[in-house]
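In the working numbering, each residue's number is its place in the sequence shown (first place is 1) plus 221.
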Amino acid sequence: MSAFMSAFAGLVGALADLLHPLFQNASTAAAIVLFTALVRLAVHPLSRAAARGQKAQRRLQPQIAELRKKHGKDREKMQKALMELHREEKVSPFSGCLPSLLQMPAFFLLYHLFSSQKIGGKANELLGHQLFDAPLGERWHDALSHGGMFGAQGLVYLGLFAIVAAVATFNYGRTKRQMAANPVTPATGPDGQPVPGMGAMNKLMPLMSFFTLFTVAFVPLAAALYVVTSTTWTAIERAFLYRDMAAPGAAVATAA
C-alpha cells in the first residue's frame, strides 16, 4: 500500500509539474482537477451505458406492470419473468451503479494522500501545496481558524460552496422536471414486489446533490476539489445524456 501511495503521489506531482507554467502555485490543485477529469473520461462509456439502461428501464415499465398483474404473488415466477425480460432487452437493472462505484477508489486515494503526514516513509510534501491561500491538506474548520469565513482561506471554501450550491440547484430542477415528465411505477426488487422505502427515496432524490456541501466541508481541500469537479461533470454529463427525458412527451427510448 505504501508503494502504491508513493506512486500515486508521484503521479499527482508529475501532473502538477506539467501544469506549473500555466497555474504556478495552484498547479497541484489544477492537477487534481485534471486527474478528476481523466477519471470521469475513463468511466464515461459506463455512464452512457447506464443512461441507456435507465431509459430502457423506463420503457419497460408497462411490461413490468403487466408481469406483476400476471404472476401476482408468485415471487419465483415473477423473478424468472423479470430476468427473462431484462435478458431479452439486454438491460441490466444495476448498470446505473457502476459509474459511481468505480469513482470511489479515486476519491479515497486523494483523501488518504492528503490526510497522511508521511508517504513511503517520507514527509508528505503535497500537504503544503495550496489553492490560493488554502492548503490542500487542510479542512474547512482549519480555514475558519485562520481568518474566519471571509478570510483568505475561508473565501476559497465559500467559492466551492457556491459552485456546489449552483450545481445542486440545477440538478434539483432537472430531476424534478424529469420525474414529472416521466412518472414510473414503484421500483421493484428481483421478485417484482415494490421495494420498501423507495417511495421516500424518490422524494429525496432531487435533494441528494445538496448533501455534497457536507462532504466539501469535512474532507481535505484536495478531496473537496475532486468532489466539486466530479459533481459539476456529472451535472453536465447527465444533462446531455438524459436530454430527451426532460420534456413531457419526449421519447425515452432513444439511446444515449
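Using N, Cα and C, we set each Cβ at its ideal position, and we do this for glycine too.
Because the structure is a prediction, the values reported are computed rather than measured.
1. Taking the continuous alpha helix (DSSP H) assigned at E458, which residues delimit it?
2. Could you give the residue range of the alpha helix (DSSP H) that holds A270?
3. Following the continuous alpha helix (DSSP H) through D363, name the residue where it begins and the one where it ends.
4. Given N246, which residues of its chain have a CB within under 7 Å of its CB, disregarding the five upstream and five downstream residues?
5. Only counting the same chain, and skipping five residues up and downstream in sequence, which positions put a Cβ closer than 7 Å to that of A250?
6. Would you check if the distance between the CB atom of A364 and the CB atom of G372 is smaller than 8 Å?
7. What residue does the alpha helix (DSSP H) around H241 start on, and which one ends it?
8. So, is L331 buried or exposed, given that buried needs 16 or more other C-beta atoms within 10 angstroms?
9. Which residues bound the alpha helix (DSSP H) around F435?
10. Taking just the CA atoms, how far does A286 sit from I340?
11. Under 8 Å, with one C-beta from each stretch per pair, do the region 376–390 and the region 272–281 reach the 3-pair mark?
12. Is DSSP giving Q300 helix, strand or coil here?
13. In terms of DSSP beta bridges, what is Q351 paired with?
14. Pick from A444, L288, V449 and V388: whose alpha carbon is nearest that of L334?
15. Distance check for S451 and A270, CA to CA, integer angstroms please.
Looking at the atomic coordinates:
1. What you label residue 458 is simply residue 237 of the sequence shown in a count that begins at 1. Where E458 is concerned, the enclosing alpha helix (DSSP H) stretches over L442 to L462.
2. In the sequence shown, counting from the first residue as 1, residue 270 sits at position 49. Taken as a continuous stretch (DSSP letters only), the alpha helix (DSSP H) holding A270 covers S248 to R280.
3. On the sequence shown, residue 363 is found 142 positions in, with the first residue counted as 1. Element bounds for D363: W361 to L365.
4. Position 25 of the sequence shown holds residue 246. Here the set comprises Q351.
5. Taking the first residue of the sequence shown as position 1, residue 250 is located at position 29. The answer, listed in chain order, is L352, L357 and L446.
6. Here residue 364 corresponds to residue number 143 of the sequence shown, with the count starting at 1. Here residue 372 corresponds to residue number 151 of the sequence shown, with the count starting at 1. Against a cut-off of 8 Å, the Cβ pair of G372 and A364 comes out as a contact.
7. One-based indexing of the sequence shown puts residue 241 at position 20. From DSSP, the alpha helix (DSSP H) with H241 extends over S223 to F244.
8. For the purposes of this step, residue 331 is taken as the residue at position 110 of the sequence shown. Per the 10 Å Cβ criterion, buried.
9. Numbered from its first residue, the sequence shown carries residue 435 at position 214. Note, F435: alpha helix (DSSP H), T433 to F439.
10. Here residue 340 refers to the residue found at position 119 of the sequence shown. Here residue 286 refers to the residue found at position 65 of the sequence shown. Cα to Cα, the separation comes out at about 55 Å.
11. no
12. Along the sequence shown, one-based indexing puts residue 300 at 79. Correct three-state label for Q300: helix.
13. One-based indexing of the sequence shown puts residue 351 at position 130. According to DSSP, Q351 bridges with P356.
14. The residue labelled residue 334 in the question sits at position 113 within the sequence shown. Among A444, L288, V449 and V388, the Cα nearest to that of L334 is on A444.
15. Indexing the sequence shown from 1 puts residue 270 at position 49. Indexing the sequence shown from 1 puts residue 451 at position 230. Near 18 Å, if we compare the C-alpha coordinates of S451 and A270.
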